[in-house]
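Here the structure comes first, spelled out in structure tokens, and everything after it is commentary.
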Amino acid sequence: MNIIYFDNNATTKVDPVVLEAMLPYLQEYYGNPSSMHSFGGQVGKAIKSARLQVAALLGAEESEIIFTSCGTEGNNTAIRAALAAQPDRKHIITTEVEHACVLNVCKQLEKQGYTVTYLSVDHQGQIDLAELEAALTGNTALVSTMYANNETGVIFPVEEVGALAKAYGATCHVDAVQVVGKLPLNLKTSTIDLLTLSGHKLHAPKGVGALYVRRGFRFRPFLLGGHQERGRRAGTENVAGLIGLGKAAELAQQHLDCVNQEKQLRDRLEQGLLSSIPDCQVNGHSTKRLPNTTNIGFKYIEGEAILFSLNQYGVCASSGSACTSGSLEPSHVLRAMGLPYTILHGSIRFSLSRYSTDAEVDRVLELMPGIVDRLRALSPFNSDQADWLQDREEALVVR
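So the sequence shown is numbered by the working numbering: it starts at 1146 and just counts up by one.
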């Protein structure tokens, strides 16, 4: 069975060129980059090259890049570093729709005496800058927001967020895991202080990422030990992974011009589903969205049932964040958007990549109407029961 992989916001295929670049550092060049001998030293030079490649993609300086193991580590490190830089400030601002690796850290920090403001989003998944400005005080240490939401693809006005944070002397951290490689970045002219990326979202392997730290920021390391990463992140480097990340960053920069092709495919998929299937809608802003992502809600059926049906045909999609899959609770992102119960449970995310094809879109458009019709025929719910379903949902929230 041929796999149609439309779950690229969860993870991406490792580019064959990336794998080719990595292999020598798993076999021939296995020296420790911290060793004094030249065998290890050549590995250290390769890591330097990878750092330059990542910096070029971000529009940053080499010295501003700290390699990490993943987006979760990067976000945890950024939040802790921002608070350590201003220990007298005890207020954090984030949003209700962040990834779990931000929300759960903030919840833990609340137990440690910090006050956290969670900004709301509107029905299109967008934050309100006026709400942010009203929340900022002289006690705010950090404003941490996504660049784009992993479930809906909605893009936040992060430069405006950074400017407001700076006006109050707060640090601006941006989780850009879903954006790097999809949108052009130039951090040299940015208001962002700290920015997180993850390799497996841009056709590099899992287990490697990077944290951008603006030059001059008073950074305190999260992992203590040796002198790696200029003393900013201890631990022997994942050399092959870093080489892969560097090559993936180089390729992503080359492919930025091709992102419009992904958007055209995404739009054709989206419009085809909306026109062929009644009672469905796009969740998220119509234009301020990642070019590869669409989140569509199909009324009166369960998203998990749609995914199971698609899986039987080799189609991979998602009902939300890969880190919360397996939970029967509706998406916290779609809940925060105030979507009705009948949409919450039947929402599916399709996320494409540069490997996606017209033929794959055609196949999904061929399959989906029949799948939805079949599931709706089996569903105990219909439009006449929508009010009852909504009342049930609201009662659960209150309880």
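For glycine and all other residues, C-beta sits at the position ideal for the given N, C-alpha and C. Treat the numbers as computed from the prediction; the structure is a model and nothing was measured.
Residue i vs residue j beta-carbon contact at 8 Å
i	j	result
residue 1238	residue 1293	no
residue 1385	residue 1348	no
residue 1309	residue 1276	no
residue 1306	residue 1288	yes
residue 1517	residue 1414	no
residue 1219	residue 1379	no
residue 1259	residue 1240	no
residue 1167	residue 1388	yes
residue 1482	residue 1266	yes
residue 1395	residue 1501	no
residue 1286	residue 1227	yes
residue 1437	residue 1327	yes
residue 1198	residue 1344	no
residue 1203	residue 1332	yes
residue 1398	residue 1201	yes
residue 1261	residue 1251	yes
Residue burial classification, residue i (beta-carbon count within 10 angstroms, cutoff 16)
i	result
residue 1148	exposed
residue 1291	buried
residue 1466	Unreliable positioning characterises residue 1466 in this predicted model, as indicated by a pLDDT of 49, which lies under 50. The coordinate reading is nonetheless provided below. Buried.
residue 1178	buried
residue 1470	Reliability fails at residue 1470, whose pLDDT of 49 lies under 50, so the model's placement of it is uncertain and no value is given.
residue 1187	exposed
residue 1494	buried
residue 1171	exposed
residue 1453	exposed
residue 1546	In this structure the chain extends from 1146 to 1544, so residue 1546 is not present and cannot be described.
C-alpha gap between residue i and residue j, whole angstroms
i	j	result
residue 1416	residue 1422	10 Å
residue 1447	residue 1488	9 Å
residue 1174	residue 1340	30 Å
residue 1460	residue 1520	17 Å
residue 1185	residue 1382	12 Å
residue 1127	residue 1479	The requested residue 1127 is not part of the displayed model; the chain covers only 1146 to 1544.
residue 1208	residue 1195	12 Å
residue 1497	residue 1295	13 Å
residue 1271	residue 1404	22 Å
residue 1364	residue 1377	8 Å
residue 1362	residue 1411	39 Å
residue 1313	residue 1302	17 Å
residue 1522	residue 1315	53 Å
residue 1342	residue 1525	43 Å
residue 1505	residue 1353	29 Å
residue 1213	residue 1373	11 Å
residue 1236	residue 1456	44 Å
residue 1269	residue 1224	27 Å
Opening and closing residue of the beta strand (DSSP E) in which residue i lies
i	result
residue 1291	1285-1291
residue 1355	1354-1358
residue 1317	1316-1320
residue 1343	1339-1343
Those residues which DSSP pairs with residue i across a bridge
i	result
residue 1434	1299
residue 1426	1442
residue 1516	The partner list for residue 1516 (beta bridge, DSSP) is empty, contrary to what the question assumes.
residue 1149	1460
residue 1325	1328
residue 1263	1239
residue 1496	1152, 1438
residue 1212	1355
Terminal residues of the alpha helix (DSSP H) in which residue i lies
i	result
residue 1480	1477-1481
residue 1191	1183-1203
residue 1275	1274-1280
residue 1249	1245-1256
residue 1400	1384-1400
residue 1159	It is not in any alpha helix (DSSP H) - residue 1159 carries neither H nor E in the DSSP assignment.
residue 1415	1404-1421
beta-carbon residue i near the ligand ATP non-hydrogen atom, thresh 7 Å
i	result
residue 1450	No copy of the ligand ATP appears in this structure; indeed no ligand is present at all.
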